[in-house]
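Residue 347 in full-length UniProt numbering sits at position 347 of the sequence shown; the count goes up by one each step and never skips. Even glycine gets a Cβ: it sits at the ideal position worked out from N, Cα and C.
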Amino acid sequence: MADQLIAVLGGYGEVGATAVRRLSEYDYGRIRVGGRNPSRGRGLLGDLPGIELSYVDIEDAGSLQDFCTGAHLVLNCAGPSYRILDTVARAALKAGAHYVDVAGDVPAHRALGSTTGDRVAVFSAGLMPGLTGLLPRLIADSGDRLDIHVGGAVRMTPASAADILLAQGPDFGESLARWRGGAVVSRSLTPLRKVRPAGFPEPVDAMPFLPTEGIRLAEELDVAELRFYTAYASEAIPTTLAMAWADDPEFRDDYVELLTQAAKTDLRERDPYYVLTACVPAITGASSSLTLRTDDPYRLSGVVAALTASAVVQEKIGCGAHFADSVLDPDDIAAALRRDPLVQSLTIQKPAGSAAGHTSAPQN
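Here it is as structure tokens:
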């Protein structure tokens, strides 16, 4: 493994830089870090003198192919992911490399199709999507009702804002819906105002939104019901999103700055926090629950991306295109997260004798 090259695209941003730092700790070999402005990587180079800084332009096919050439694995941390789609994945596969995408949900997975050959491609290897579909497998089982809340008050990067604005339509999920009885039930939930799910430091507004990752989770676990909520510290972000989605799509890019400013508004009177909590309510007795806390979901996504790349390098994932939540081992990932300084806490509570455990989809 020491002679292998891992190429990290978008490695100068906070997600990518965190992934680079973790990968360097794993000591799998050389690391090539790429982006449009290599000067941004000087801080990394000072801490990790063995890395290679490289200029790459995703929109230039030749530049992208040169970046991927020679790599054993390409990790994509660049965005907006819903505009990049499978562009980087195809360049990586053409170069004979495995591929991991910290984002790249259903549209990218579908665009790539079954063209991976004997290589591995893993999408949605971040916090959300990623951990939101993976960690609940540690507490939920067939026939359970599962409630998930995720969100908080954190800064928002322009790339993340752009991804959120583009994440509309059936490829991404359905507002106000839940999973019940083996199907999506539309318009069956309403927003919850000023509720305080377990692990949250303050009351939040919980907006029901069933993501495609949640549908996949519900199908693979065969749960009786799944309720999935996005938690907001104030009305600032939901109000901005409502305005953006009601406006002409031609002007959607104008809302990127407004959305990042809305996130800053949430931080004026509180410290940053981000919580993922999953609960299996019990009719009688104790419930099963899981709570993950961090103050930086972007950097934590970089940790998840690095752990996913590690699983690929160690040949723990079979060839083909996958979603991270379906092929990673949740026990392994939970153990690694507990050791990581970016995780403030990860608690799992299950009643004695609980049969819940992790379930992964069959690999190709």
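Just checking my contact of THR116 with LEU93 at CB under 8 angstroms: how many whole Å lie between their CB atoms?
For the purposes of this step, residue 116 is identified with residue 116 of the sequence shown, where counting begins at 1. For the purposes of this step, residue 93 is identified with residue 93 of the sequence shown, where counting begins at 1. Going by Cβ atoms, the distance from THR116 to LEU93 rounds to 6 angstroms, so yes, they are a contact pair.
Among the residues of its own chain, which have a CB less than 6 angstroms from the CB of ASP86, if the five just before and after it don't count?
The count along the sequence shown starts at 1 and reaches residue 86 at position 86. Cβ within range, chain order: ALA108, ALA111, LEU112.
Would you kindly check if the distance between the Cβ of LEU226 and the Cβ of LEU176 is under 7 angstroms?
In the sequence shown, residue 176 corresponds to position 176, counting from 1. In the sequence shown, residue 226 corresponds to position 226, counting from 1. Contact: no.
Tell me whether ALA71 sits in a helix, a strand or coil according to DSSP, three-state version.
The sequence position of residue 71 within the sequence shown is 71, counting from 1. Coil, per DSSP.
Output the residue ranges of the alpha helix (DSSP H) runs that lie fully inside the stretch 215 to 257 and measure 4 residues or longer, sorted by chain position.
The stretch 215 to 257 contains these whole alpha helix (DSSP H) runs: 236 to 246.
Can you give the Cα-Cα distance for PHE209 and SER310, rounded to whole angstroms?
As a first step, residue 209 is located in the sequence shown; it is residue number 209 there, counting from the start. As a first step, residue 310 is located in the sequence shown; it is residue number 310 there, counting from the start. Distance between the alpha carbons of PHE209 and SER310 is about 31 angstroms.
Can you tell me whether THR157 is helix, strand or coil according to DSSP?
The sequence position of residue 157 within the sequence shown is 157, counting from 1. THR157: coil per DSSP, three-state reduction.
DSSP state of ILE164, grouped into three classes?
Residue mapping note: residue 164 aligns to position 164 of the sequence shown, counting from 1. Correct three-state label for ILE164: helix.
Could you give the C-beta distance for ALA125 and VAL304, rounded to a whole number, given that I count them as a contact under 8 angstroms?
Position 125 of the sequence shown, counted from the first residue, corresponds to residue 125. Position 304 of the sequence shown, counted from the first residue, corresponds to residue 304. Correct: roughly 6 angstroms between the Cβ atoms.
To which residues of the same chain is ALA282 closer than 8 angstroms at the C-beta, ignoring the five residues directly before and after it?
If you number the sequence shown from 1, residue 282 lands on position 282. Answer for ALA282: SER288, PRO351, listed in chain order.
Use the C-beta contact count for GLY182: other C-beta atoms within 10 angstroms, 16 or more gives buried, fewer gives exposed.
Here residue 182 is taken as the residue at index 182 of the sequence shown, counted from 1. Burial call: exposed.
Within the continuous beta strand (DSSP E) that includes GLY320, where are the two ends?
To locate residue 320, count along the sequence shown from 1; it is residue 320. Counting along the chain, GLY320 sits inside the beta strand (DSSP E) bounded by residues 320 to 323.
For PRO362, I'd like the list of residues in its chain whose CB is within less than 6 angstroms of its CB, leaving aside the five on either flank, ordered along the chain.
Along the sequence shown, one-based indexing puts residue 362 at 362. For PRO362, the predicted structure reports a pLDDT of 40, less than 50, and the residue's modelled location is therefore unreliable. A value from the coordinates is still provided. Closer than 6 angstroms at the Cβ level, and outside the excluded window around PRO362, lies no residue.
Under 8 angstroms: do the stretch 135 to 154 and the stretch 263 to 278 share three or more Cβ pairs, one atom per stretch?
yes
Taking DSSP as the reference, what is the three-state secondary structure of GLY62?
The residue labelled residue 62 in the question sits at position 62 within the sequence shown. Helix.
Nearest to ALA278 by CA position, among ILE31, CYS68, ALA198, is which residue?
Here residue 278 is taken as the residue at index 278 of the sequence shown, counted from 1. Minimum Cα distance to ALA278 is reached at ALA198.
Whole angstroms is fine: what's the gap from TRP179's alpha carbon to THR230's?
Here residue 179 corresponds to residue number 179 of the sequence shown, with the count starting at 1. Here residue 230 corresponds to residue number 230 of the sequence shown, with the count starting at 1. About 15 angstroms.
For VAL106 versus ALA7, is the C-beta spacing smaller than 7 angstroms?
In the sequence shown, counting from the first residue as 1, residue 106 sits at position 106. In the sequence shown, counting from the first residue as 1, residue 7 sits at position 7. Result no, Cβ atoms of VAL106 and ALA7 do not sit closer than 7 angstroms.
Could you give the DSSP three-state label for GLN363: helix, strand or coil?
Here residue 363 corresponds to residue number 363 of the sequence shown, with the count starting at 1. Only weak support exists for where GLN363 lies, its pLDDT of 47 falling under 50; the coordinates are left without a value.
Look up GLY152 in the DSSP assignment and give the residues it is bridged to.
Looking up residue 152 in the sequence shown gives position 152. According to DSSP, which records beta bridges pairwise, GLY152 is partnered with TYR232, TYR274.
I believe THR217 touches ASP329 by the beta-carbon criterion, under 8 angstroms. Please report the beta-carbon distance rounded to the nearest angstrom.
Within the sequence shown, numbered from 1, the residue matching residue 217 stands at position 217. Within the sequence shown, numbered from 1, the residue matching residue 329 stands at position 329. Note on residue identity: the sequence assigns Leu, not Thr, to residue 217. 15 angstroms between Cβ atoms; not a contact.
If you run the structure through DSSP and keep just helix, strand and coil, what is GLU213?
Looking up residue 213 in the sequence shown gives position 213. If DSSP states are grouped into helix, strand and coil, GLU213 belongs with the helices.
Using only the alpha-carbon positions, how far apart do GLY34 and GLY173 sit?
Taking the first residue of the sequence shown as 1, we reach residue 34 at position 34. Taking the first residue of the sequence shown as 1, we reach residue 173 at position 173. C-alpha separation (whole angstroms): 32 angstroms.
For the stretch 1 to 51, list the beta strand (DSSP E) runs that are entirely contained and at least 3 residues long, ordered along the chain.
4 to 9, 29 to 35
So ARG32 packs on LEU5, CB below 8 angstroms; how close in whole Å?
Along the sequence shown, one-based indexing puts residue 32 at 32. Along the sequence shown, one-based indexing puts residue 5 at 5. Their Cβ separation, rounded to whole angstroms, is 6 angstroms, which keeps ARG32 and LEU5 in contact under 8 angstroms.
Mind checking if ARG193 is an interface residue toward chain C, Cβ cutoff 7 angstroms exclusive?
Absent here is chain C; the protein component of the structure consists of one chain.
Which term fits VAL102, buried or exposed, when burial requires 16 or more other beta carbons within 10 angstroms of its beta carbon?
Counting from 1 along the sequence shown, the entry for residue 102 is found at position 102. It counts as buried.
Buried or exposed for ALA91, going by 16 or more other Cβ atoms inside 10 Å?
The residue you call residue 91 lines up with position 91 of the sequence shown. Buried, since its Cβ has 16 or more Cβ neighbours within 10 Å.
Please classify PRO341 as buried or exposed, where buried requires at least 16 neighbouring CB atoms within 10 angstroms.
On the sequence shown, residue 341 is found 341 positions in, with the first residue counted as 1. Counting Cβ neighbours within 10 Å, PRO341 comes out exposed, since fewer than 16 surround it.
By DSSP's criteria, GLY98 is part of a beta bridge. Which residues make up the other side?
Start at 1 with the first residue of the sequence shown, and residue 98 comes out as number 98. Sequence check: residue 98 is His here, not Gly. LEU73.
Whole beta strand (DSSP E) runs in the stretch 276 to 315 with 3 or more residues, listed along the chain?
Secondary structure within the stretch 276 to 315: the beta strand (DSSP E) runs of 3 or more consecutive residues, fully enclosed, are 288 to 294 (chain order).
Taking 7 angstroms as the cut-off, decide whether the C-beta atoms of ALA89 and CYS68 are in contact.
Within the sequence shown, the letter at position 89 stands for residue 89. Within the sequence shown, the letter at position 68 stands for residue 68. No, the Cβ-Cβ distance between ALA89 and CYS68 is not below 7 angstroms.
If contacts are defined as beta-carbon pairs under 8 angstroms, then LEU48 and VAL15 qualify, I think. What distance do you get, rounded to the angstrom?
As a first step, residue 48 must be located in the sequence shown, where it is residue number 48. As a first step, residue 15 must be located in the sequence shown, where it is residue number 15. Contact flag wrong, Cβ pair sits at about 16 angstroms.
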